[in-house]
Each structure stands twice: as structure tokens, then as C-alpha cells.
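**Q** Residue numbers (the numbering used here), protein chains in the order written: chain A, -5 to 513; chain B, 76 to 320. Before I ask anything, here is the structure I am working with.
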């Protein structure tokens, strides 16, 4: 049926000369891995789909491999997204393609034990390894997800590979959603050659081919309710240069709404629409809090170049009851990201920056949300309407970050590092493995140790109990009949692996029953 | 210079703080005193020393605000062989552009933060320094930065982090600084020859594939194949246009 449908298109709402109104079958809010897949699979069934995306449309040829351009253009809040106290820098993509536009291509299926935890502790039903298997297989084929050859790993990733071998730790090449990858190292500033199979180049392109209309720079302000349904989605066009409303509006009156605005954006839209019947919207926001370690070697590492992430270790993913697990990956190092991350100021800061070409940057990501007492962060609205993110560190969170820091420093020493520094404002300087104990004496407190997140999850948790969750096990809002949430916000905990493939896969699965719901 | 009335009118607010809450009270006694005396105290009227060599106009910031950030940048990146001076890599225009791109409430908060950081009264009450930041000696300036960096009050550490990120993003965003880091810059564009074809994935492979066409690399610095030497200009870029000084 799709061949009979006229092709859709991607429009730039900032160029609208008059207000636009659409009456499609389905309105999808957000064009990342969740929204793009739902749009493609519903459009393929002949349904009329409109996608609203707040960010701009950047094809590969627009990408500049330049941080000073990329962060303001391709990231949330012009690259400044963070928790309210700035203790956690939150790197989150924004644009047609969502987070896939800037992520580092690492692709994992949801770990089966995490799905079991969701079933046992959070009342999620019908979502297990077996159910998801064909959906993961489908997205792996469409996105060409495959392991990156170890021999092609850059020197920064070799630190993990070689270090883990010496220490006898689990290690594995990561799988990446790339086809014509030129191994440049600029995934995080937008792939300039289309080598990364981002949501916009794959599923969203399929959706457009099958008739979907995508409005870029159309920021959803609120959902208009009518009884137990949403009657309209209201968006404002935003100016490309200033990010301010142009005055033009886009109103969509669909039969069904799919919110795929991400773990910060979806709660934000629901809260701005006055929808929070059980007080659970924006609660249980998990971030995979990240700590990093900078190590200097006596040889060039050139951490700027090559596939940013190609080796990972999940050796410490399960550290037993009462503790948060963590996993180990690498971070690409470019001047601005290094400059805002490295500890201290003045000569101390300069000394670390001067050694960048011989530096390795490893990260440990804490797996939050699995302890019974853990509530994670909160997404709420400020008085002026902007979104606010808070995150409650627990002693167990800091313990995991401290032990994670030790683990990545050990890997760096095992791979031959000369000196390893933590990212404290007063960096812990270690010259051999025997100095690791210095990390126990360091201050593990907000804004004394640098913490990052690139994986916002949760905030619209799925579950059986409407008083404790936001969507049901089929991702429909508990209290509204025609609204689904399909993005990382539905996770009841964090994931323990990079989330993009799980979001693609769950969206693929959810599309079937969302299609059925359109009647 | 800034008019005294500004200090009286505006409540001091740090990035990330809720509007409409007297968050300053969290600062304890010193903060309460500062709030009470407000702009009326003579210390708060002390002048900002203008940075030499500023070439405005700026999109958002006043020359005084830019001067504070330049003075701060001179301490965050003190003179060192190979590291260009902040003024020489256009830090004034770059910080101005970064702040100008932010949402309006964020702009307001950052400008308040800059003024508070510069303010002699705040410096006196919190750090025992009688000078504005721009008028202080390099040693006093380092001590002031250190006081914010290590403060027992989270709010001051938040302010330090905001200023640090702003200045370092502006400085290291400048290509002229990259040589000091041993960063050769992004790959050269326009290498002759076609780009590797974008292949449509075929049937799902029977086994986990690990090998794909490898792009041979002769030097340490990668090069991009089949791409124009410079990105094509297009409308709708997210950044304000470059301004000539």
C-alpha cells in the first residue's frame, strides 16, 4: 500500500509563512530512535503520520566536525543541559534524528536480567527477551548493527582491550550502527559522511518515503485534552538562529498521539500540559552517572580520531546486593569537551590539556535505579516554564563512581599509563597502581568531582499500578486513551548498557499494538 | 560602569535556581547580610576595570561584563608557551555569542553571576577582598576563583562551574588554541576519490559479522573522502552569523 502513498517530506517550521494545521491518523512527537521507528512502521501500514521535532534538520553535508558549532546546534539547551546545580553535565542530542545524530553508535540489546527485573519489581508484563528478539533482529538489520573489528579500534579503546586482558577482566568489541563509516572520530559532532545509520537517515527516511510529514523546528508546547483523550497537539515554530518562537503555530489534530521526546522532553510536555494524575511524571529519572579518568602515556594516543567507542567491559556490571554496578567504556576527546571536563584551572588545567594528544579518556557508567531505595532524579518545571533536572546522589552512587574511577585508572595503568588523573576539581594524581587508594580520600561530592550523563532514562515509567507508574506495559498512558509514550522515558530503571538499540527495538515492538489501536 | 540601581532591583540568582525563591538565604549569614545591604553599600559601586583591546560591539554583554570574563580567562589560561592569550583568540566575542544563544532566563542568570563574581562587596563579605575582581592582582584573582571553586556552599561551586565551562568552551573552541594541545584539527576534507558507497544492509548475516571495508589510513590524521573542502553554506544554521570586529 505504501507505493500508492505520495511521498512525505521534511519541512522547516521556522520557514512557515502562516500557521499550519494537520489532521493525520497519528502525531509523533520527537524524531529520535523511538519516534522514527513508530513513524516508519505506521506509515508503512498506510496510516497518515505527522512528526513534530523541536530541533533542526541537519543532513550529513551540514556537519562540520567542529565542537563550537555542534554543541549549540545539535545538543539540548545549546549544549548546556545539566542538573539544576550543574553537578551533572547532561549531553543530549537535539535535531531530526534525536540523540542518534550525536551518539557514539554503541548498540546493545536490553540485558535479559534487566527485563526480568522490570517484570518482577515493576509489574511490567509481556516484555521479555523472547518477545523482543525478532524486533531487535529487525532493527539490527535495518541499522546494520555489527561488531567493530578489534584491530580497527583506536588507541584509546585499545587501552580497555589491552588493560582488561592483563587484569583478566571481561572485555568485548562493541557493536555499532554504521555502514560507510570512515573511522573519523566525529560521531559526537554529527557524522559528516552519513556513515552512521542515524534515525533520520534510516527509519525516518522510510517514514517520509511512505508519506509521513515531518516538521523540524516545531516545538510542542502542550497537549489539548478533551475528556479522556488528547484532541490536539500544539506546537510553535522556533527560529533557527535565536531559538525563539517565530509566532507561527503548528496544530495537529490526530486520532492518536505518540510521545517520543526523550526522558527529559516527554515528562516536560506532560507536565506542561497539566497531566500528572499520580504525581509520577518526571520521577525515577535515571542517568547512568558517569565518572571519567584521564591518563597520560609516553606514546601518542590521538583520542580525537577513530571510532569513539569500540571496546567495552561489563566486568563490574553486577557487584552484588546493595551496590550499584558499573560498566566501562571510552570517551572521545576533543578540545572543548576536554576543556570543560578536566579538573582545576590555571597552570594545572593547562598542563593536562597540553598532554591531550597522549591522553586516554575512559569512563565508568553507574547503573542506577536497581536498589530498592533508589529514586534517582526528577524532571520538573521551573517558574518560567523551562525544564529542570535534579538528581539525588546516594552514598551508594558515590561508592560506585569511586570504585568505577579506580577500575578505569587500573585499566590505564595496566595498558602502560605514566600518570593518571581523576576529574576532581583538585585532581587526584596517581603515578602507579599503588596510588589508587588516594581516590578513597578524595571528596566525592557534587561539583568537587565531575559527573556526566549521556543516557537520560525513565521519568514515565511503565508498570501495572497507575499509582506507581505512568504508562502501562503496552506503553499507553494510564489515564488517557489515545496517548502512547515510546522512548527511553518508559524504562523503570536505567539499562546497564547504552540505550539506543533498546529504544529502537521497543519502538519496533510497540508499533504493532499502536497500529492495532488506530483501528 | 553599572548603575547602582541595578543591584537594588535585581535579586541575585545563580544558574539553575528557581525564580521566585529566596535562594540566596541558603548562603548563610554572609549572604543574608549582602542581600540586606544590597546595592546601597559603597563597595558594590566599585568600578570594573575595562579590559584593554576589547573590540565590540557585542550581541548581548556590556563591555564591563566582557571585561570580567576576559580577566577571568586570563587566570584560567595564564600565559604559557604555545597557549595564545584569550584576547588573541577572540574570547570576548565567543563568550558573548555563547551567552547570546541561550534562553533569555539563562542569559539573565549568567549576567547576574558575572556581576556577583566581580562585585567588591560580595568579594569582601565572602572572601575578605576589598576589590572588584577585575581590579585585583593576579594572586588575589586566583584566590577569589579558588574560594568559589572550593566553597562549602554548593551555590558558589555551581557559579564557578558555570563560569569555568563558559570560558573554557569559548577558549578551546578557537582553532588557534588547538596547536597547544597537539590536536591537528578535524580531518582534511576533499581527498580525491569517491566516498565509500553507502550500502543498504542486505539479508541478515548468518554469523556476527566483524569485518567491513576498511578505509586505509596513511597518516595519523584521518582524511574524509568524497566531501567538498568546506561544508556547503545553507540557510537555517543554528548560529548567529560571524561578526567582523
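Ideal Cβ positions, reconstructed from N, Cα and C, are used throughout, including at glycine.
I need the boundaries of the beta strand (DSSP E) containing residue 194(B), first residue and last residue.
**A** Here residue 194(B) belongs to no beta strand (DSSP E), and DSSP marks it neither H nor E.
**Q** Starting from residue 383(A), follow its DSSP beta bridges and name the residues at the other end.
**A** Per DSSP, 373(A).
**Q** For the segment 406 to 424 of chain A against the segment 201 to 213 of chain B, are there 3 or more C-beta pairs whose distance is under 8 Å?
**A** Contact fails: fewer than three Cβ-Cβ distances are below 8 Å.
**Q** Express the C-alpha separation of residue 68(A) and residue 238(B) in angstroms, rounding to a whole number.
**A** Spanning the two alpha carbons is a distance of roughly 22 Å.
**Q** Could I get the ranges of all uninterrupted alpha helix (DSSP H) runs contained in the segment 32 to 94 of chain A, with 4 residues as the minimum, in chain order?
**A** You should have 61 to 68.
**Q** Are the C-beta of residue 339(A) and some C-beta of chain B separated by less than 8 Å?
**A** So yes, residue 339(A) belongs to the interface.
**Q** Nearest to residue 133(A) by alpha carbon, out of 513(A), 508(A), 497(A) and 507(A)?
**A** Among 513(A), 508(A), 497(A) and 507(A), the Cα nearest to that of residue 133(A) belongs to 497(A).
**Q** Would residue 1(A) be called buried (16 or more neighbouring beta carbons within 10 Å of its own) or exposed?
**A** With fewer than 16 other Cβ atoms within 10 Å, it is exposed.
**Q** Got a sec? Which residues, its chain only, sit under 7 Å from residue 4(A) by beta carbon, not counting five neighbours each side?
**A** 51, 90, 202, 208 and 210.
**Q** Please confirm if residue 253(B) has its CB atom under 8 Å from at least one CB of chain A.
**A** So, interface residue.
**Q** Determine the burial state of residue 502(A): buried for a count of at least 16 other Cβ atoms within 10 Å of its Cβ, exposed for fewer.
**A** Answer is buried; the Cβ neighbour count reaches 16.
**Q** Helix, strand or coil: which one does DSSP assign to residue 291(A)?
**A** Looking at residue 291(A) - three-state DSSP - the assignment turns out to be coil, as it is neither helix nor strand.
**Q** To the nearest angstrom, report how far apart residue 75(A) and residue 236(B) are at their CA atoms.
**A** The straight-line gap from Cα to Cα measures roughly 13 Å.
**Q** Using 8 Å as the limit for Cβ to Cβ distance, is residue 220(B) near chain A?
**A** Closer than 8 Å to some Cβ of chain A, the Cβ of residue 220(B) qualifies, so yes.
**Q** Cα separation between residue 11(A) and residue 172(B)?
**A** Straight-line Cα distance between these residues: approximately 28 Å.
**Q** Since residue 308(A) meets chain B, which of its residues come closer than 9 Å, beta carbon to beta carbon?
**A** Near residue 308(A) there are no residues of chain B at all, since even the closest Cβ is about 17 Å away, more than 9 Å.
**Q** Start and end of the beta strand (DSSP E) containing residue 447(A)?
**A** Start and end: 445 to 447.
**Q** Going by CA-CA distance only, name the one from 370(A), 436(A), 222(A) and 335(A) that's closest to residue 486(A).
**A** Considering only alpha carbons, the answer is 370(A).
**Q** Could you name the residues that DSSP lists as bridge partners for residue 124(A)?
**A** In DSSP, residue 124(A) forms no bridge with anything.
**Q** Cβ of residue 257(A) within 7 Å of any heavy atom in the ligand ADP?
**A** With respect to the ligand ADP, the structure shown offers nothing to examine, as it has no ligands at all.
**Q** Residues of chain A with CB under 8 Å from residue 150(B), in chain order?
**A** Neighbours of residue 150(B) on chain A, chain order: 339 and 340.
**Q** Per DSSP, what are the beta-bridge partners of residue 279(A) in this structure?
**A** DSSP output for residue 279(A) lists 371(A) and 452(A) as bridge partner(s).
**Q** Name, in chain order, the residues that DSSP records as bridge partners for residue 6(A).
**A** Answer is 210(A), bridged to residue 6(A).
**Q** Taking CB distances under 8 Å as the criterion, tell me whether residue 378(A) reaches chain E.
**A** Absent from the structure is chain E; the protein chains it does hold are A and B.
**Q** Could you tell me whether any Cβ in chain B is nearer than 8 Å to the Cβ of residue 72(A)?
**A** Taking Cβ atoms only, chain B reaches closer than 8 Å to residue 72(A), which makes this a yes.
**Q** In chain B, which residues lie with their C-beta within 8 Å of the C-beta of residue 450(A)?
**A** Ordered by position in chain B, no residue passes the 8 Å Cβ test against residue 450(A), which lies about 16 Å from the chain.
**Q** With 8 Å as the threshold, decide whether the Cβ of residue 263(B) is near any Cβ in chain A.
**A** Answer no: the Cβ-Cβ gap between residue 263(B) and chain A never drops below 8 Å.
**Q** For residue 228(A), report the span of its beta strand (DSSP E) as first-last.
**A** Its beta strand (DSSP E) spans residues 223 to 232.
**Q** Would you mind giving the Cβ-Cβ distance between residue 183(A) and residue 494(A), rounded to the nearest angstrom? I have them listed as a contact below 8 Å.
**A** Contact flag wrong, Cβ pair sits at about 17 Å.
**Q** Taking a contact to mean a Cβ-Cβ separation below 8 Å, would you say residue 385(A) touches residue 264(A) in this structure?
**A** It is not a contact, given that the beta carbons lie outside the stated cut-off.
**Q** May I have the straight-line CA-CA distance separating residue 310(A) from residue 256(B), to the nearest angstrom?
**A** In a straight line, the C-alpha of residue 310(A) is about 33 Å away from that of residue 256(B).
**Q** Secondary structure at residue 309(A), three-state DSSP: helix, strand or coil?
**A** Coil.
**Q** May I have a chain-ordered list of the alpha helix (DSSP H) segments no shorter than 4 residues that lie completely inside the segment 305 to 350 of chain A?
**A** Segments of the alpha helix (DSSP H) lying fully in the segment 305 to 350 of chain A: 329 to 335 and 341 to 348.
**Q** If contacts are defined as beta-carbon pairs under 8 Å, then residue 347(A) and residue 261(B) qualify, I think. What distance do you get, rounded to the angstrom?
**A** Going by Cβ atoms, the distance from residue 347(A) to residue 261(B) rounds to 18 Å, so no, they are not a contact pair.
**Q** Give the single residue among 345(A), 139(A) and 457(A) whose Cα lies nearest to the Cα of residue 174(A).
**A** Closest by alpha carbon: 139(A).
**Q** When the Cα atoms are used, what is the spatial distance from residue 97(A) to residue 191(A)?
**A** Whole-angstrom Cα-Cα distance: 11 Å.
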